[in-house]
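All the letters of the sequence shown, read from the start, carry residue numbers 3 to 59 under our numbering.
In what follows, a single structure is set out as structure tokens and then discussed.
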Amino acid sequence: TKPLPSLMFSVQMLVNTEQGDTFSFNEIKKWLEEAGFKKVRKLEAPGPSPLILATKP
């Protein structure tokens with residue numbers, strides 16, 4: 003299971019948006035790599051969401 007803040011955000015997205023969903027870093031990393039991005043990484047930032055950075059060669 004996810005940490006409580008992540009679960010609460012997932013429920014909020016599901017209830018308050020038409021097709022809302024949340025995704026894990028590994029899911030997003032896979033999509034970026036499939037699109038040709040390299041050096042996919044996560045940087046912690048203030049607040050509940052990290053920054054996800056990637057390089058397109």
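Note that CB positions come from ideal geometry on N, CA and C, so glycine has one too.
Determine the extent of the beta strand (DSSP E) in which residue i is found, giving its start and end residues.
i	result
residue 44	40 to 45
residue 19	Careful: residue 19 lies outside any beta strand (DSSP E) and carries neither H nor E.
residue 56	53 to 57
Whose C-beta lies closer than 7 Å to the C-beta of residue i among residues of the same chain, with five residues either side of it excluded?
i	result
residue 43	55
Just checking residue i against the ligand ATP - is the residue's beta carbon closer than 7 Å to any of the ligand's heavy atoms?
i	result
residue 5	Summarising the ligand content, the structure contains no ligands, and the ligand ATP is consequently not present.
Got a sec? Which residues, its chain only, sit under 6 Å from residue i by beta carbon, not counting five neighbours each side?
i	result
residue 31	42
residue 46	52
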